[in-house]
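Let me begin by presenting the structure, written as structure tokens, before commenting on it.
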Amino acid sequence: MTEQPDSVVNDPNNYKLSYRKLILPVSLISAGAISFAIPPMKELDLSAKIEVAHDRPGKTTLDNYTQYFPAVMVYGLNLAGIKGKHGFKDRTIIYATSQLISAAIVTPAKSLIAEERPDGSNKKSFPSGHAATAFSTAHFMYREYRDNNLLLSLSGYPFAAFTGVYRVLNNKHWMTDVVAGAGVGILSTELAYWLYPKMNTLISGKKKNNKSVVVPYYQSKGVGMSYLLVF
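This note's numbering puts the sequence shown at residues 15 to 245.
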């Protein structure tokens, strides 16, 4: 089956950033950040830690991988012939932009806020980078498939939720870290779609059939670039 041709920006309304799109992510970020100003919210974090310590299941490293599952699903579905909103080049520009924005928010925030992790391993707890990545990829899947298959478009969120929950269960994050991280992830993807027409213009001089791309990524130890090549 031939691959869907890369889309073009033919309807600017698809990429407008309205205040409605910002309500959820801004609310989540605010709910997480408010814990530093309102003691009862921090007490809620401590209560959650106590409950987790009492009923914690066995630790798992799956959350290191599930954060990426929705993005992998988007590319896999397109390869299988279940097309999303954008072709390879355009969706990759959007995805790469969202990850770059997320890293640009999360990395300095961790250093500036310097909140200690529940396990005491370091002071880079807020916000959760894993949650930011997980919800940015889940929201990326939602935006790519919501117009074609709403149920399919929502299927990335369970992986994002699993990632966030297990960051708490693994004693790596406070609950409010995960809530704020989820907001950062969703916001990053919304900003990426808004910026897409501008990014596409910058990159439009490159070959349309080029299937290689450098993608920024965020990990707990820093940011980096990965090279993706599709044959």
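Using N, Cα and C, we set each Cβ at its ideal position, and we do this for glycine too.
Given the structure is predicted, the values throughout are model-derived calculations rather than measurements.
Item                                                                                                                                                                   : Value
Any beta carbon from chain E within less than 8 Å of K186's own beta carbon?                                                                                           : The structure shown contains no chain E; it holds only a single protein chain.
So Q81 is in the alpha helix (DSSP H); what residue range does that whole segment cover?                                                                               : Run containing Q81: none; DSSP gives neither H nor E here.
From the DSSP output, in three-state form, read off T147 for me.                                                                                                       : helix
Evaluate A110 with the Cβ neighbour count: other Cβ atoms within 10 Å of its Cβ, from every protein chain shown; 16 or more gives buried, anything less gives exposed. : buried
Going by the beta-carbon positions, is the gap between Y180 and L168 smaller than 8 Å?                                                                                 : no
Less than 8 Å between the C-beta atoms of R131 and H68, yes or no?                                                                                                     : no
Rounded to whole angstroms, what is the Cα-Cα separation between T75 and E158?                                                                                         : 28 Å
Out of T80, Y171, G143 and G98, which one is the CA nearest neighbour of N162?                                                                                         : G98
Looking at the ligand NAD, does it come within less than 7 Å of N184, judged from the CB to the closest heavy atom?                                                    : By its list of ligands, the structure shown contains no ligand whatsoever, and the ligand NAD lies outside what it can speak to.
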